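These notes concern the structure reproduced below.
Residue numbers (my numbering): 4 to 318.
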């Protein structure tokens, strides 16, 4: 077997070339470059004028082309509260007063977030960005920035504290209303079995029972659910989104029980279920459980979260 001798100088050259290729490969496979920072936010100010919240945004974006469109979002955690666009003029300065129409209530710890989408820009801006890929790397687009240091409130500290109390009163009232309809229904159901209510000619009267279920239980619950949906859009309730889920679970379970327990009433009386109990209309009955034990636990969890004394539910 022959041994191939490689000259020392050639060997060193090959090693250097090989190492260089490895280094190049490592450079190419490195972490992606971070998105560029285009916007310098200087200040965020809020005020109220004619019952409408106003937001003044001051800053600059000196490296963006003129006529660039910047999309801004006002966020509370991950929830988008409001969104608006700002178009840069030739100075690249930002000084906009935005009317936050439709926002009601007070809230703290809001945050601004920006997003620049190259494909949504005017054609002349797109052409300028395409001509300078080093400054505007499309592979990292859309370019997003979160201005954590510029968190702001809508409302004074006193107003925000008042909003927290209003939220607590809201939850207390809705829980009490829901439990009231639950008791009204169960009392009426027991009276039906005892033949002391909803009778005609000595027999159970399905017509008067269904009228009671609609007017005294289900219609009020529908109204409750509508009020909850409207309240969920308020800034005052937004920080309590988890508790709104608890409240929805409570009210929906009570709504579903009015159908399930009505059908079982017919069965106990030896009758066929009424068609009204088989197809709920314009009422939310989605819930995890209708068991009274589960309902009780959810009520306790909500009261604990809102710092509501359980004794207040019976007052």
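Don't be surprised by glycine CBs; every beta carbon is placed ideally from N, CA and C. Since we're looking at a predicted model, the values are computed, not measured.
Supposed close pair residue i, residue j - CB separation, criterion 8 Å
i	j	result
residue 147	residue 38	7 Å
residue 253	residue 178	7 Å
residue 42	residue 73	7 Å
residue 114	residue 78	5 Å
residue 221	residue 286	6 Å
residue 209	residue 277	6 Å
residue 305	residue 250	6 Å
residue 175	residue 315	6 Å
residue 60	residue 97	6 Å
residue 181	residue 110	About 26 Å separates the two Cβ atoms, so there is no contact after all.
residue 184	residue 223	6 Å
residue 58	residue 71	Not quite, the Cβ-Cβ distance comes to about 20 Å (not below 8 Å), so this is no contact.
residue 63	residue 95	6 Å
residue 56	residue 157	5 Å
residue 269	residue 261	So it is not a contact: roughly 13 Å between Cβ atoms.
residue 150	residue 234	With 8 Å as the limit, residue 150 and residue 234 do not qualify as a contact, their Cβ atoms being about 29 Å apart.
residue 280	residue 265	5 Å
Coarse secondary structure for residue i, derived from DSSP in three states
i	result
residue 220	helix
residue 44	strand
residue 301	helix
residue 257	helix
residue 229	helix
residue 210	helix
residue 270	helix
residue 252	helix
residue 285	coil
residue 310	coil
residue 24	Note that residue 24 has pLDDT 43, beneath the 50 cutoff, so the model's placement of it is unreliable and the number below is only indicative. Looking at residue 24 - three-state DSSP - the assignment turns out to be helix.
residue 50	strand
residue 14	Note that residue 14 scores a pLDDT of 46, beneath 50, so its modelled location is shaky; the value from the coordinates is reported in the next line. Helix.
residue 29	Unreliable positioning characterises residue 29 in this predicted model, as indicated by a pLDDT of 42, which lies under 50. The coordinate reading is nonetheless provided below. If DSSP states are grouped into helix, strand and coil, residue 29 belongs with the helices.
Within-9 Å CB hit, residue i to chain D
i	result
residue 265	Protein chain content of the structure displayed is limited to a single chain, and chain D is not contained in it.
N-terminal and C-terminal residue of the beta strand (DSSP E) that residue i is part of
i	result
residue 103	96 to 103
residue 63	55 to 63
residue 89	82 to 90
residue 78	72 to 79
Boundaries of the alpha helix (DSSP H) in which residue i is found, first to last residue
i	result
residue 195	160 to 196
- Of all the alpha helix (DSSP H) runs that stay within the bounds of the stretch 111 to 158, which reach a length of 4 or more residues? 126 to 134
- With contact counted as at least three CB pairs below 8 Å, one residue from each stretch, are the stretch 162 to 174 and the stretch 193 to 206 in contact? no
- Item | At least 3 beta-carbon pairs within less than 8 Å: the stretch 46 to 60 vs the stretch 94 to 107 | yes
- Task: Report yes or no: do the stretch 200 to 219 and the stretch 290 to 299 share at least 3 C-beta pairs separated by less than 8 Å?
- Result: no
- Do the stretch 201 to 213 and the stretch 235 to 245 touch if we need at least three Cβ pairs shorter than 8 Å? no
- Item | Touch test, the stretch 119 to 135 against the stretch 56 to 68, Cβ-Cβ under 8 Å, three pairs minimum | yes
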